[in-house]
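Heads up, the thing below is written out as structure tokens.
Here is the structure:
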């Protein structure tokens, strides 16, 4: 029992020090480690395995909607960044620059891609000639670099892994449709696979991507009440098409600039996963992305027949398509319970001589901390059912928590108090940037997304509270233009 | 018919100008394009799709042998490279260096990884404490950068995609076993999936990896008779363990340095694929890695019922697990035939009104340029059989060609004449570096692998000709120490 206590104590208090809890969890569960260069992280096998599941599932959704993967170069000529005015302003301060290569100083410095709009724009200009070449629907899985002073594994690192989709279309409508389709795919993925309920909607001018006409975001509430931007989808209009001269000969015989979109999501989603579901004991992983779904812990494993029964059970579950491991190390069962609870494995199965004699097993649900007794017969069907159950329960629980923490505010004080107490805020906004900036500087809350009052598109989130609650701007008191979701954010 | 001729003519003559043929094929089939920075390439969807198949199959083989994937940082402190003497000498001339980041000059320049032994060594030193932590069996899929003056897509580019495995073991035997196991996996992968017969064996001191105790290579004969090193596996002994102080407490209570290995293969394999199987019409892709295995070309597609029959056939084949597409563009059938032959799709199916009336289809095998008539009933079974057939036939054909082009040489002149005529050479070698260097400077041929005369290990290739044929060093005429495979190489 003392060992169990040690485990719990090793992780900082989730209520009192959430940031430290997060760091303890990601390091102690061996998801990541710090790299030797400041700002970098190593994704260890357990962490990378989550990313692999994310990639697999998400990639299927991309392919099903007609996208193809490709790979563009890491290095971008420094001059490319300058071609789109807002883009360079947004990214120039955080790029890493290669000035030497092959033992010589380079004539033109190279930028390590912070994102690939520019280099892909250059290639599209070359590849696109006619309307027959459109649309181009390409996605890339890659590493990108954005220099950071601080390091927060998964949340803020100089290099991170992501996917970035880049599409080109003949018309505005089609490009916008694509932008919103991808927003919907992100929402679906986060909710169905990561069990994270999200708000989706348009970003304000202040919060949009550097170079975009419009940015749409996916925002999730973390357990500390802060919001984590989990994916974004951008509509560029003809901004990049004009900057890189991406033209096509249309069916009407005229040369036109294309309309482009881009959309991205990254290993940040693993951060979202941890901060949505984790608890004092450590990680809680949704079954669909858990590297190990079931851990079998033998009880009195030296007794005759135990390890044999464990092996049989393991192969039974494995053959049913369940990701299962058995922990046959020399550690005590209590130590193993803690270890695997900390690592967030959704289900534990305990199997000892008494269970074998009674043809039963004891299951332990990581999410509800509940024990369940099951017959060994057809255990694989029950386990599958339970895993589906856990997946749903995690989503439901996160949704309930979020619903209880969205507050309507009509004054700046109400807004500040609400976010300071770990809430999201629904508030009216006049649409002026100065009000948005004042709110940010007074309360540290930013506009996360504009809520959709008029059901413009099914993919946008509507205000959780009746819109009658917000008639004026929370900052200046003038008539509101939008209902906005405000929150402190990662 | 004129269009067909245009197609053929667009690709340089494979016999007269093999390098230009290669470049024409990779660009015209849209496998790749040149990136804006000299030395870089873009992998377009058709090329990247081959890489994805390679990754999938190879990754399964890695996982089946107990390896886990992880991800290490792109940037390595410049000082790390200096820790292993031979390693820095090998890589320093070709690294790209980041000197500026976040708008400031960096205190210590950062190297963009040319390979990750050093940064992984640093992490392993931290992660490994006890013999219980061993072995560590990690693989990484990543991009690496080695600065190049010339650009040859897939063969020589400043940035390329690869996998690099890095393992640490308690004993020399285990580390060597791992090194050779991975050599065997590469051989199996190249032969079974890429249909490329290979020679495997130890490299000479001159040709080994910078920092290794021993390097083992996988060499394939291209259609021009040159050899392409398609994968390598390195045994490091304790070189990196000592450089990075990777120690463990062994069961006997003593602190010891670990033994490490690394092994890698890259997008170069796609180059090998093209130059092993391609012909004057373009690519020939082995079915196991072909992005499209079957292309259906409708004949008289505007006639009633044709596109419906095409759709039915496509879904029948798709449901049987075959990667199938139908080309319903407005191009003529002749144009389509050429296009898909150039793109190397293993099987073409022609389907028109007459075929539909007769309940049959015409198949065309890309490898043998043969037409086959088949009943539409149970066509999916026949197609599957044919795809397996093509996979084998490609391997057999490459093997036959190679067998006819391995020559025994006992003098430098014989060796030079043989490699100049596009052959591999089996020759005796005294073991002296000076002879190896002289051979290289006189004939441009290098020692590809040392052949295994004594069946040391089943994974090594034995000499194709009787070893009695080589008793002396092909260079100095002294008694031979080894029988070596010499060839010009990419």
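Chains as they are written, first to last, in this note's numbering: chain H, 613 to 1102; chain S, 613 to 1102. Note that CB positions come from ideal geometry on N, CA and C, so glycine has one too. Here the structure is a predicted model, which is why all the values come from computation and not from measurement.
Burial state of residue i (16 or more Cβ within 10 Å)
| i | result |
| --- | --- |
| residue 1045 (chain H) | exposed |
| residue 874 (chain H) | buried |
| residue 924 (chain H) | exposed |
| residue 857 (chain H) | exposed |
| residue 617 (chain H) | Reliability fails at residue 617 (chain H), whose pLDDT of 44 lies under 50, so the model's placement of it is uncertain and no value is given. |
| residue 1078 (chain S) | exposed |
| residue 725 (chain H) | buried |
| residue 770 (chain S) | buried |
| residue 1025 (chain H) | exposed |
| residue 876 (chain H) | buried |
| residue 1087 (chain S) | buried |
Where residue i sits in the DSSP three-state scheme
| i | result |
| --- | --- |
| residue 831 (chain S) | strand |
| residue 1001 (chain H) | helix |
| residue 924 (chain H) | helix |
| residue 930 (chain S) | helix |
| residue 725 (chain H) | coil |
| residue 1070 (chain H) | coil |
| residue 753 (chain H) | strand |
| residue 977 (chain H) | strand |
| residue 681 (chain H) | strand |
| residue 1021 (chain S) | strand |
| residue 893 (chain H) | coil |
| residue 986 (chain H) | strand |
Residue range of the alpha helix (DSSP H) that includes residue i
| i | result |
| --- | --- |
| residue 1183 (chain H) | Nothing in the structure corresponds to residue 1183 (chain H), since chain H is present only between 613 and 1102. |
| residue 775 (chain S) | Not the alpha helix (DSSP H): residue 775 (chain S) falls in the beta strand (DSSP E), residues 771-781. |
| residue 861 (chain S) | Where residue 861 (chain S) is concerned, there is no enclosing alpha helix (DSSP H), although the beta strand (DSSP E) it sits in stretches over 859-861. |
| residue 787 (chain H) | 784-804 |
| residue 660 (chain S) | 657-676 |
Rounded C-alpha distance that separates residue i from residue j
| i | j | result |
| --- | --- | --- |
| residue 706 (chain S) | residue 723 (chain S) | 10 Å |
| residue 963 (chain S) | residue 906 (chain S) | 13 Å |
| residue 882 (chain H) | residue 1084 (chain H) | 37 Å |
| residue 681 (chain H) | residue 670 (chain S) | 19 Å |
| residue 623 (chain S) | residue 660 (chain S) | 22 Å |
| residue 714 (chain S) | residue 761 (chain H) | 8 Å |
| residue 1029 (chain S) | residue 969 (chain S) | 59 Å |
| residue 658 (chain H) | residue 751 (chain S) | 13 Å |
| residue 941 (chain H) | residue 807 (chain S) | 42 Å |
| residue 1062 (chain S) | residue 811 (chain S) | 10 Å |
| residue 1067 (chain S) | residue 1074 (chain S) | 7 Å |
| residue 837 (chain H) | residue 991 (chain S) | 59 Å |
| residue 632 (chain H) | residue 1031 (chain H) | 20 Å |
| residue 1054 (chain S) | residue 758 (chain S) | 28 Å |
| residue 902 (chain H) | residue 733 (chain S) | 28 Å |
| residue 742 (chain S) | residue 782 (chain S) | 9 Å |
| residue 845 (chain S) | residue 625 (chain S) | 35 Å |
| residue 1039 (chain H) | residue 708 (chain S) | 50 Å |
| residue 642 (chain S) | residue 692 (chain H) | 24 Å |
| residue 700 (chain H) | residue 1000 (chain S) | 52 Å |
| residue 934 (chain H) | residue 983 (chain H) | 20 Å |
| residue 1051 (chain S) | residue 1033 (chain S) | 16 Å |
Residue range of the unbroken beta strand (DSSP E) whose run includes residue i
| i | result |
| --- | --- |
| residue 886 (chain H) | Careful: residue 886 (chain H) lies outside any beta strand (DSSP E), inside the alpha helix (DSSP H) at 880-889. |
| residue 845 (chain H) | 839-849 |
| residue 815 (chain S) | Counting along the chain, residue 815 (chain S) falls outside any beta strand (DSSP E), and DSSP gives it neither H nor E. |
| residue 958 (chain H) | Residue 958 (chain H) -> no beta strand (DSSP E), and no H or E assigned at all. |
| residue 1058 (chain H) | 1058-1062 |
| residue 645 (chain H) | 644-646 |
| residue 907 (chain H) | 906-910 |
| residue 1038 (chain S) | 1036-1041 |
CB contact below 9 Å: residue i versus chain B
| i | result |
| --- | --- |
| residue 877 (chain S) | Protein chains H and S are contained in the structure displayed, whereas chain B is not. |
Next item on the list: Would you list, in chain order, the members of the region 636-649 of chain S that have their beta-carbon closer than 8 Å to a beta-carbon of chain H?
Entry: 645, 647, 648, 649
Checklist line | Residues of the region 660-688 of chain S whose Cβ lies closer than 8 Å to any Cβ of chain H, in chain order | finding: 660, 661, 663, 664, 680, 681, 682, 683, 684, 685, 686, 687, 688
Check: Which residues, taken in chain order from the region 707-719 of chain S, show a beta carbon closer than 8 Å to some beta carbon of chain H?
Finding: 707, 708, 709, 710, 711, 712, 713, 714, 715
Note to self: Taking beta-carbon pairs under 8 Å, can you tell me which members of the region 757-785 of chain S lie near chain H?
What the structure shows: 757, 759, 760, 761, 770, 771, 773
Note to self: Please list, in chain order, the residues of the region 947-968 of chain S that have any C-beta partner in chain H closer than 9 Å.
What the structure shows: none
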